[in-house]
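**Q** Reading the sequence shown from the start, the letters are residues 122 to 742 in the numbering used here. Following this message is one structure expressed as structure tokens.
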Amino acid sequence: MQNTKQKFFALVLFAGAFITSAMARDVSAQTKRPAKGKPQPAATKPEPPTVSYTVSMPRPATHLLEVEMRIDWKQMPAELDLKMPVWTPGSYLIREYARHVQNFAAGDGSADQLKWSKANKNTWRIITKGKQSVTVTYKVYANELTVRTNELNDEHAFWNNSALLLFIKDQLAIPAEVTVKPFGNWRIATGLKPVDGRNDTFRAENFDVLYDSPFEISDFKEISFEVAGKQHRMIFTGEGNYDLRKCAADTAKIVEETFKIFGELPYDDYLFIVNLRGGGGLEHANSTALQFNRFGFKPESRYKSFLGLVAHEFFHAFNVKRIRPDALGPFDYENENYTTLLWAAEGGTEYYSNILMLRAGLLTVNEFLSGRADVISKLQDMPGRVETSLEAASFDAWIKYYRQDENAVNNQISYYDKGEVVMMMLDISIRTASKGERSLDDVMRSLYNDFYKKGRNYSPSDIQRAAESAAGISLADFFERYIRGTDEVDWEGIASGIGLTLKRTGRAGRAYLGAELAEEAGRLIVRQIPAGSPAWEYGLNTGDQILAIDGFRTGRDQLQAYIGERRPGDTVKLTVFRFDRLREIVLTLGDDPRRTFTFKPVTEPNDLQRQLYKAYLNAEL
122 MQNTKQKFFA LVLFAGAFIT SAMARDVSAQ TKRPAKGKPQ PAATKPEPPT VSYTVSMPRP
182 ATHLLEVEMR IDWKQMPAEL DLKMPVWTPG SYLIREYARH VQNFAAGDGS ADQLKWSKAN
242 KNTWRIITKG KQSVTVTYKV YANELTVRTN ELNDEHAFWN NSALLLFIKD QLAIPAEVTV
302 KPFGNWRIAT GLKPVDGRND TFRAENFDVL YDSPFEISDF KEISFEVAGK QHRMIFTGEG
362 NYDLRKCAAD TAKIVEETFK IFGELPYDDY LFIVNLRGGG GLEHANSTAL QFNRFGFKPE
422 SRYKSFLGLV AHEFFHAFNV KRIRPDALGP FDYENENYTT LLWAAEGGTE YYSNILMLRA
482 GLLTVNEFLS GRADVISKLQ DMPGRVETSL EAASFDAWIK YYRQDENAVN NQISYYDKGE
542 VVMMMLDISI RTASKGERSL DDVMRSLYND FYKKGRNYSP SDIQRAAESA AGISLADFFE
602 RYIRGTDEVD WEGIASGIGL TLKRTGRAGR AYLGAELAEE AGRLIVRQIP AGSPAWEYGL
662 NTGDQILAID GFRTGRDQLQ AYIGERRPGD TVKLTVFRFD RLREIVLTLG DDPRRTFTFK
722 PVTEPNDLQR QLYKAYLNAE L
């Protein structure tokens with residue numbers, strides 16, 4: 122931070138520079154002033170550059186995507202800075218995509234090569250020599266199949282443009298075209314619009330759209346369906362035990378239920394890209410990239426996990442891509458984009474993924490309630506729940522959520538998990554306070570109409586106001602305690618509003634060590650230790666290799682069985698290797714504090730509880 126004197130001199134220098142610049146502009150204006158009576162010509166607006174890319178994949182086995190970028194610009198600067206994004210929107214971690222770039226070269230489209238150098242980790246600076254056309258070529262190593270990165274092999278090519286295509290410094294608002302040269306007979310799938318009916322060239326109106334439109338190039342299988350007059354396309358790459366028609370029919374039900382909430386589908390068409398390897402999904406404005414186990418579509422319980430992934434990423438077309446939290450778009454692709462609203466963006470979307478499946482008949486009432494109770498059980502076992510709020514977890518996603526270590530259980534929460542069940546409690550609170558007149562659906566519609574449709578992003582205070590408007594009461598206490606604070610959520614008290622209670626099944630009287638163990642290459646390793654557990658209090662460390670208990674060699678099953686025969690207060694001796702040194706740790710077992718939660722109907726519901734239960738779950742109480 123500058124001191125006062127430094128600030129004073131800086132202001133003086135700035136003022137002097139401003140006055141000098143103003144005088145220069147004034148002199149220039151007088152010198153060029155037209156003759157009296159002659160109309161002054163309108164200022165000519167500088168023409169923006171035109172940018173086009175060609176992406177080729179001539180040798181898939183090398184995992185190298187080959188890119189040609191052509192820039193035509195009448196106002197080409199003497200030094201042209203090209204940049205690579207460092208992250209992908211929707212996945213909040215700096216990933217340094219520039220590390221995969223190689224064989225960079227620049228020229229003017231002829232034999233004349235242009236000099237270039239790296240200005241920083243993700244910037245290539247080209248000396249243009251007065252040229253108005255610059256062509257850049259480079260290759261990107263693509264051998265990581267995630268929904269945010271790139272992969273090229275003999276099965277397919279998948280990429281995110283933010284991890285592949287460079288942009289011109291300060292020129293994110295311009296359009297761009299991408300031509301794809303597939304390998305062999307592979308076909309192209311992307312959410313971008315084709316140019317002039319071509320099937321190999323696509324156009325983005327700006328770089329936010331370009332970077333929001335992944336590509337899948339392969340011999341994929343596909344099916345289409347229509348909802349509300351809009352075309353939806355599903356493509357699958359890879360063999361698996363999926364039923365293409367069933368996947369499309371059930372996905373259509375999810376889309377229909379979403380349409381019922383908002384009354385419209387805000388896109389011309391939508392693309393579901395499914396790769397049958399890996400796991401996870403990433404949202405885009407008119408598409409989503411999904412990855413799922415190729416044999417994970419049976420039995421029905423596993424298939425429902427796939428539908429949950431579909432529902433989550435599709436609902437993001439509204440919640441995040443259009444109902445945008447404060448910092449999430451337009452994006453800064455070179456730095457972190459901080460927000461405290463990921464609990465609503467991600468947790469709220471996960472809540473709605475299950476609500477949509479329930480309303481579509483893809484989940485039973487028992488499955489819906491059991492799933493949310495399981496999330497509460499998981500949360501209540503995490504000491505981190507009293508250390509980190511939902512807003513803090515959202516803000517720190519860039520340094521914590523994607524970089525969890527062995528201590529994460531003690532100082533973190535998942536804004537997905539807690540966000541989901543707190544959104545459930547917010548929905549129930551609104552329904553209860555409004556006596557069933559309104560729900561969280563009204564909040565989502567309000568944010569959609571008042572912010573997305575008016576070209577605005579919403580803030581933390583905006584979502585609270587929308588929730589309070591729907592409830593008809595102040596929700597300051599709810600937001601202060603459960604979203605900005607770390608108070609224990611009154612699950613049972615809130616759920617009772619719609620005729621539910623939350624039963625707790627404990628393990629009291631059972632001996633408890635309190636260490637998460639994993640068997641790796643025949644070794645029993647301590648992976649996680651919750652704060653306050655006997656393992657924590659008596660100094661067991663993560664990374665310790667447990668060899669024996671009370672002098673007997675042990676594995677995980679044997680250790681759990683041995684402790685299961687002990688009682689709280691019993692003393693045991695563990696023999697461990699720590700940093701290759703043999704150690705003995707004597708500890709006293711505790712009383713198992715873990716609880717399992719289950720939603721059940723209240724025993725004597727009143728008329729309002731019956732009414733609200735029916736409206737919420739479409740079932741009788």
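Just so you know, even glycine gets a beta-carbon here, dropped at the ideal spot from N, CA and C.
Using the rule of at least 16 other Cβ atoms within 10 Å of the residue's Cβ for burial, across every protein chain shown, is L331 buried or exposed?
**A** The residue given as residue 331 occupies position 210 in the sequence shown. Buried, by the Cβ-count rule.
**Q** Please classify A284 as buried or exposed, where buried requires at least 16 neighbouring CB atoms within 10 angstroms.
**A** Walking along the sequence shown from the start, residue 284 turns up at place 163. A284 comes out buried.
**Q** State the Cα-Cα distance for the pair K252 and S408, rounded to the nearest angstrom.
**A** On the sequence shown, position 131 is the one that residue 252 refers to. On the sequence shown, position 287 is the one that residue 408 refers to. Taking the straight line from one Cα to the other gives about 38 angstroms.
**Q** In the DSSP assignment, what residue or residues form a beta bridge with Q223?
**A** Translated into the one-based positions of the sequence shown, residue 223 becomes position 102. Answer by DSSP bridge pairing, in chain order: K260.
**Q** Does the Cβ of V707 have 16 or more other Cβ atoms within 10 Å, making it buried, or fewer, making it exposed?
**A** Reading the sequence shown from its first residue, position 586 is the one you call residue 707. Classification of V707: exposed, given that the 10 Å Cβ count is below 16.
**Q** Under the three-state reduction of DSSP, which class applies to E401: helix, strand or coil?
**A** The residue you call residue 401 lines up with position 280 of the sequence shown. Residue 401 is actually Gly in this sequence, not Glu. In this structure, G401 counts as strand in the three-state DSSP scheme.
**Q** Is Y633 near D713, with beta carbons less than 8 angstroms apart?
**A** If you number the sequence shown from 1, residue 633 lands on position 512. If you number the sequence shown from 1, residue 713 lands on position 592. Yes, the pair counts as a contact, with Cβ atoms nearer than the cut-off.
**Q** Just to confirm the assignment, what range does the alpha helix (DSSP H) spanning M546 have?
**A** Here the question's residue 546 lines up with position 425 in the sequence shown. Note, M546: alpha helix (DSSP H), D538 to A554.
**Q** Would you be able to state if there are at least three C-beta pairs under 8 angstroms between the region 194-208 and the region 281-298?
**A** Yes, the region 281-298 is in contact with the region 194-208.
**Q** Considering only the beta carbon of each residue, do P170 and I295 sit closer than 8 angstroms?
**A** Start at 1 with the first residue of the sequence shown, and residue 170 comes out as number 49. Start at 1 with the first residue of the sequence shown, and residue 295 comes out as number 174. In this structure, I295 lies closer than 8 angstroms to P170 by Cβ.
**Q** Thinking A636 and L661 are a contact (beta carbons under 8 angstroms), I'd like their distance in whole angstroms, please.
**A** In the sequence shown, counting from the first residue as 1, residue 636 sits at position 515. In the sequence shown, counting from the first residue as 1, residue 661 sits at position 540. Their Cβ separation, rounded to whole angstroms, is 6 angstroms, which keeps A636 and L661 in contact under 8 angstroms.
**Q** Please look up how many angstroms separate the CB atoms of G429 and S491, rounded, as I've assumed it's under 8 angstroms.
**A** Working through the sequence shown from its first residue, we reach residue 429 at position 308. Working through the sequence shown from its first residue, we reach residue 491 at position 370. G429 to S491, Cβ: 13 angstroms. No contact.
**Q** Tell me, please, whether the region 487-501 touches the region 538-549 by the rule of three or more beta-carbon pairs shorter than 8 angstroms.
**A** Touching, per the Cβ criterion.
**Q** Buried or exposed: where does D275 fall if 16 or more other Cβ atoms within 10 Å of its Cβ makes it buried?
**A** In the sequence shown, residue 275 corresponds to position 154, counting from 1. Answer is exposed; the Cβ neighbour count stays below 16.
**Q** Residues bridged to S173 by DSSP?
**A** Counting from 1 along the sequence shown, the entry for residue 173 is found at position 52. Paired residues: R191 and E298.
**Q** Just to confirm my understanding: we take D538, look at its own chain, exclude 5 residues before and 5 after, and list those with CB closer than 7 angstroms. What are they?
**A** Residue 538 sits at position 417 when you count from the first residue of the sequence shown. V496, K499 and L500, listed in sequence order.
**Q** Thinking just about the alpha-carbon of each residue, which of V647, I670, T626 and H277 is nearest to the one in F700?
**A** Here residue 700 corresponds to residue number 579 of the sequence shown, with the count starting at 1. Minimum Cα distance to F700 is reached at V647.
**Q** If I'm right that Y459 touches A466 with Cβ under 8 angstroms, what's the distance once you round it to whole angstroms?
**A** For this step, residue 459 is matched to residue 338 along the sequence shown. For this step, residue 466 is matched to residue 345 along the sequence shown. With a Cβ gap of about 13 angstroms, Y459 and A466 do not count as contacting.
**Q** Using CA coordinates, which residue listed in L621, V693, D691 and Q666 is at the minimum distance from R731?
**A** Along the sequence shown, read from residue 1 onward, the residue named residue 731 stands at position 610. Among L621, V693, D691 and Q666, the Cα nearest to that of R731 is on L621.
**Q** Would T759 and G469 be called neighbours here (beta carbons separated by less than 8 angstroms)?
**A** In the structure displayed, the chain extends from 122 to 742; residue 759 sits before or after that span and is not available.
**Q** Under three-state DSSP, which class holds Q744?
**A** In this structure the chain extends from 122 to 742, so residue 744 is not present and cannot be described.
**Q** Tell me whether I520 is buried or exposed, calling it buried when 16 or more other Cβ atoms sit within 10 Å of its Cβ.
**A** Position 399 of the sequence shown, counted from the start, is the residue given in the question as residue 520. By the 10 Å Cβ count, I520 comes out exposed.
**Q** Report the residue from I476, K575, R577 and S580 whose alpha carbon sits nearest the alpha carbon of L746.
**A** Residue 746 lies beyond the range of the chain shown here (122 to 742); nothing can be said about it.
**Q** At which residues does the alpha helix (DSSP H) containing D728 begin and terminate?
**A** On the sequence shown, position 607 is the one that residue 728 refers to. Its alpha helix (DSSP H) spans residues D728 to L738.
**Q** For a minimum of 4 consecutive residues, which ranges assigned as the alpha helix (DSSP H) are wholly contained in the region 614-685?
**A** Listed in chain order, they are 655-658 and 677-685.
**Q** Leaving out five residues on either side along the sequence, give the residues of the same chain with a beta carbon under 7 angstroms from the beta carbon of E326.
**A** By one-based count along the sequence shown, residue 326 stands at place 205. Hits under 7 angstroms: P296.
**Q** Are R398 and E360 touching if we call contact CB-CB under 8 angstroms?
**A** In the sequence shown, residue 398 corresponds to position 277, counting from 1. In the sequence shown, residue 360 corresponds to position 239, counting from 1. No, the pair does not count as a contact, with Cβ atoms beyond the cut-off.
**Q** Could you work out which residue in N241, W237, Y262 and N243 is closest to K250 when comparing CA atoms only?
**A** Numbered from 1 along the sequence shown, position 129 holds the residue referred to as residue 250. Closest option to K250, Cα to Cα, is W237.
**Q** Let me know the secondary structure DSSP gives F357 once reduced to three states.
**A** Working through the sequence shown from its first residue, we reach residue 357 at position 236. F357 falls in the strand class under three-state DSSP.
**Q** Where P210 and S590 are concerned, what is the direct C-alpha to C-alpha distance, given to the nearest angstrom?
**A** Translated into positions along the sequence shown, residue 210 becomes position 89. Translated into positions along the sequence shown, residue 590 becomes position 469. Their backbone Cα atoms lie some 31 angstroms apart in a straight line.
**Q** Between the region 661-680 and the region 710-724, are three or more C-beta pairs nearer than 8 angstroms?
**A** Verdict: no, contact absent.
**Q** Applying the 10 Å Cβ sphere with the 16-neighbour rule, what's the burial state of G158?
**A** Looking up residue 158 in the sequence shown gives position 37. Confidence at G158 is low in this model, with a pLDDT of 47, below 50, so its placement is unreliable and the value that follows should be read with caution. Flag for G158 reads exposed.
**Q** Is S339 near H277, with beta carbons less than 8 angstroms apart?
**A** If you number the sequence shown from 1, residue 339 lands on position 218. If you number the sequence shown from 1, residue 277 lands on position 156. Contact: yes.
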